[in-house]
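S.K.: Structure incoming, see below.
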Amino acid sequence: MLEAIAVLLVCQLIGELVVVGLGIPLPGPVIGMAILFFGLMIYGKVPESLGNISKGILDQLSLLFVPAGVGVMTHLTLLGEEWIPITTSLVISTLVTLGLTGVMMQKLVVRTDNATINTTSIPNKKKGGDHDD
Amino acid sequence: MTIDESSMWVYLSASPLLHLTITVTLFVLARLLYRKMGQRAWLNPVLLTVLVIVALLTWTNTSYEVYFEGAQFVHFLLGPATVALAVPLYRQIALVKRYPVALMASIFTGSTVAMISAVAIAKLGDVSEQTLISIAPKSITTPVAMGISEQLGGLPSLTAVLVILTGILGAAMGPWLLDKLRVTNSVAQGLAMGVASHGIGTGRAVYMSDVAAAFAGLAMGLNALITAVLVPVLWHWLM
């Protein structure tokens, strides 16, 4: 278990050092994530303890956003002034992204499936509607 | 009696333990409520906890700095948690082999459109530069989005709230929009949900189908990596 924690911390630390050392405008932990990802690709599997620790920490991931989220209280004036453009941007951008990505991927998937028809069995459940919860 | 009570309050409010306890306990309660109410997207436990804590701090006249002395212990775990995202991404990466070109092209397009459209629309509304930076990574998973926002001089706390709102919007409108656009393929449905609305959209895709959920998770992970690389590059071009 401690080995896995050490792996996560070492990856993050290297990430932070790379960011500071090379002046890359990216968060250190994201570089750390890329380092661990390529490390796993080379290693070829996820060690059990790393799998357990990651699941443990990621299962509680949303709790970790709370302290930063509360910081929004220091920007209430800003939000009061800009909430209309912010909301408009969120709604339209989310709809455009969803629609465009979905339509594009569906066109490409159908093309790929037609090109490789019956060479592999793709368990692709197609259905029109969805279950509404 | 009154002296005891006030000295106890002085002791408690000076100790990081109080705000750490409030953060964890209120989140546990909010998550319990969320699960009891059938996991409605708008009852998001993070948003609910943030709202209640902001109200509490305002009411007791406590500054964010004092609150953060306790909450920093939770906040610190965000770094290692971001690194740990590599594990689920590694497990899902085999899915890429099915449609390598289609997947990469769609995620790349979705990722770019999410950023550019968000910034462009907000810019029309004449918002501050800090807000523009904070809104750019709105479609990617919260820990990465906050890191990017902070790195570029945005407001990570505003980003956290905007990312969660984006997730709720995507989860609520996604299935309806995809149905209207006749996107019936499960791979495409999942991909759209994951690219546009990260973990919350992925959570909603679980109710669509197993295939959709798997591809939503993959899309979320790859989108984080792609956006992390694209944002700093696009930034100079957009500004």
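Residue numbers (my numbering), protein chains in the order written: chain A, -16 to 116; chain B, 6 to 244.
For glycine and all other residues, C-beta sits at the position ideal for the given N, C-alpha and C.
This one's a predicted model, so the numbers in the text were calculated from it and none came from an experiment.
Taking 9 Å as the cut-off, decide whether the C-beta atoms of Ala201(B) and Thr71(A) are in contact.
M.R.: It is not a contact, given that the beta carbons lie outside the stated cut-off.
S.K.: Have a look at Ala46(B), Gly152(B), Ser20(B), Met120(B) and flag the residue whose alpha-carbon is nearest the alpha-carbon of Pro180(B).
M.R.: Selected option, being the one with the closest Cα: Ala46(B).
S.K.: Mapping the DSSP letters down to three states, classify Val53(A) as helix, strand or coil.
M.R.: DSSP places Val53(A) in helix when its eight states are reduced to three.
S.K.: Excluding sequence positions up to five away, which residues of its chain have a Cβ less than 7 Å from the Cβ of Ala17(A)?
M.R.: Answer for Ala17(A): no residue qualifies.
S.K.: Using CA coordinates, which residue listed in Val13(A), Lys90(A), Asp42(A) is at the minimum distance from Arg36(B)?
M.R.: Minimum Cα distance to Arg36(B) is reached at Asp42(A).
S.K.: Locate the alpha helix (DSSP H) running through Pro5(B), then write down its first and last residues.
M.R.: Only positions 6 to 244 of chain B appear in this structure, which leaves residue 5(B) out of reach.
S.K.: Please name the residue in Asn97(A), Val13(A), Val86(A) whose C-alpha comes closest to that of Ser191(B).
M.R.: Here the closest residue by C-alpha is Val86(A).
S.K.: So Asp131(B) is in the alpha helix (DSSP H); what residue range does that whole segment cover?
M.R.: Neither: Asp131(B) is in no alpha helix (DSSP H) and is coded neither H nor E.
S.K.: Express the C-alpha separation of Val106(B) and Leu22(B) in angstroms, rounding to a whole number.
M.R.: Distance between the alpha carbons of Leu22(B) and Val106(B) is about 51 Å.
S.K.: Determine the chain A residues that contact Thr207(B) at a beta-carbon separation under 8 Å, and present them in chain order.
M.R.: Within 8 Å Cβ-Cβ: nothing; Thr207(B) doesn't reach chain A, min ~12 Å.
S.K.: If I'm right that Ala150(B) touches Ile40(A) with Cβ under 8 Å, what's the distance once you round it to whole angstroms?
M.R.: The Cβ separation is near 18 Å, so there is no contact.
S.K.: Where does Val92(B) sit, in a helix, a strand or coil, going by DSSP?
M.R.: Residue state, collapsed to three classes: helix.
S.K.: For Lys38(A), name the three-state secondary structure that DSSP assigns.
M.R.: Three-state DSSP puts Lys38(A) in a helix.
S.K.: Please name the residues in the stretch 55 to 82 of chain B whose beta-carbon is closer than 8 Å to at least one beta-carbon of chain A, in chain order.
M.R.: Answer in chain order: Val55, Ile58, Val59, Leu62, Thr63, Tyr69, Tyr72, Phe73, Ala76, Gln77, Val79, His80, Leu82.
S.K.: Could you confirm whether any beta carbon from chain B is found closer than 9 Å to the beta carbon of Ser104(A)?
M.R.: Interpretation of Ser104(A) is limited by its pLDDT of 46, a score under 50 that renders its predicted location unreliable; the figure taken from the coordinates is listed afterwards. Ser104(A) does not count as touching chain B.
S.K.: Starting from Lys185(B), follow the alpha helix (DSSP H) in both directions and report where the run begins and ends.
M.R.: Taken as a continuous stretch (DSSP letters only), the alpha helix (DSSP H) holding Lys185(B) covers 161 to 185.
S.K.: Buried or exposed: which applies to Leu(-15)(A), given that a residue is buried once 16 or more other Cβ atoms fall within 10 Å of its Cβ?
M.R.: Burial call: exposed.
S.K.: Quick check on the burial criterion: 16 or more other C-beta atoms within 10 angstroms. Buried or exposed for Ser11(B)?
M.R.: Burial call: exposed.
S.K.: Nearest chain B C-beta to Met(-16)(A) closer than 9 Å, yes or no?
M.R.: Chain B contact via Cβ: absent.
S.K.: Does chain B have any CB closer than 9 Å to the CB of Val1(A)?
M.R.: Not an interface residue.
S.K.: Got a sec: does the ligand COA put a non-hydrogen atom nearer than 8 Å to the Cβ of Ile58(B)?
M.R.: With respect to small molecules bound, the structure shown includes none, and the ligand COA cannot be examined in it.
S.K.: Short check: CB of Val79(A) to CB of Val118(B), under 9 Å?
M.R.: Yes. Within cutoff.
S.K.: Can you name, in chain order, every residue of its own chain whose Cβ lies under 8 Å from the Cβ of Gln(-5)(A), other than the five neighbours on each side?
M.R.: So the qualifying residues of the chain are Gly11, Pro12, Gly15.
S.K.: Are three or more beta carbon pairs between the stretch 53 to 70 of chain A and the stretch 151 to 162 of chain B nearer than 8 Å?
M.R.: Yes, since at least three Cβ pairs between the stretch 53 to 70 of chain A and the stretch 151 to 162 of chain B fall closer than 8 Å, the two stretches touch.
S.K.: According to DSSP, is Tyr212(B) part of a helix, a strand, or is it coil?
M.R.: Coil, per DSSP.
S.K.: Kindly list the residues whose CB is nearer than 6 Å to the CB of Gly34(A), restricted to its own chain and excluding five residues on each side of it in sequence; keep chain order.
M.R.: Contacts found: none.
S.K.: Whose Cβ in chain B lies nearer than 9 Å to the Cβ of Glu65(A)?
M.R.: Chain B residues near Glu65(A): Ala127, Gly130, Asp131, Val132, Ser133, Thr136.
S.K.: Is the beta carbon of Leu170(B) closer than 9 Å to that of Leu46(A)?
M.R.: Going by C-beta atoms, Leu46(A) is not nearer than 9 Å to Leu170(B).
S.K.: What does the alpha-carbon distance come out to for the pair Ala224(B) and Ala193(B)?
M.R.: Distance between the alpha carbons of Ala224(B) and Ala193(B): 10 Å.
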